[in-house]
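In the numbering used here, the protein residues as written are 198 to 324. By construction, the Cβ of each residue, glycine as well, lies at the ideal position given by its N, Cα and C atoms. Structure first, then comments.
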């Protein structure tokens with residue numbers, strides 16, 4: 198199963214790439230662990246991680262795995278979960294992800310956060 202953040206963010210990065218004529222290449226996390234291990238998120242192989250390269254292949258910018266506002270929503274929701282050893286943890290965690298995924302898909306503000314965050318990385322990278 199694909200990561201929800203990947204499914205939600207990829208259409209946005211593709212639209213940005215089309216508008217700016219950026220070339221996109223996809224590398225699957227588990228196919229190049231040396232690459233992903235250079236760009237860990239809090240020590241983990243979080244996806245998506247978007248790397249922006251110059252013409253000779255040097256990383257000049259990165260973005261991911263999610264916009265800071267969306268991360269805040271995830272952090273707040275996780276804080277409401279029971280402890281991992283609680284018998285209801287797995288069920289509550291699934292409910293949490295289902296609720297968040299629904300919000301991220303239906304609320305246009307969530308897509309705008311991703312767009313603005315990615316756009317700012319690209320602007321910083323090009324300036």
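Sufficient close CB pairs (3 or more, under 8 angstroms) joining the region 224-234 to the region 274-288: no
Residue range of the unbroken beta strand (DSSP E) whose run includes residue 320: That residue, residue 320, is in no beta strand (DSSP E); its alpha helix (DSSP H) goes 305-323.
Inter-residue Cα distance where the pair is residue 297 and residue 242: 21 angstroms
In DSSP terms, what residue 249 is bridged to: 258
Exposed unless 16 or more other CB atoms sit within 10 angstroms - verdict on residue 299: exposed
Those residues which DSSP pairs with residue 238 across a bridge: 241
Pair within 9 angstroms by beta-carbon distance, residue 204 and residue 260: no
Meets three-Cβ-pair contact criterion under 8 angstroms: the region 210-227 and the region 276-291: no
Cα-Cα separation between residue 321 and residue 249, rounded to whole angstroms: 12 angstroms
Given residue 212 as reference, the closest of 317, 312 and 323 once Cα atoms are compared: 312
Distance, residue 245 Cα to residue 200 Cα: 8 angstroms
From 270, 254, 251 and 262, residue whose alpha carbon lies closest to that of residue 304: 270
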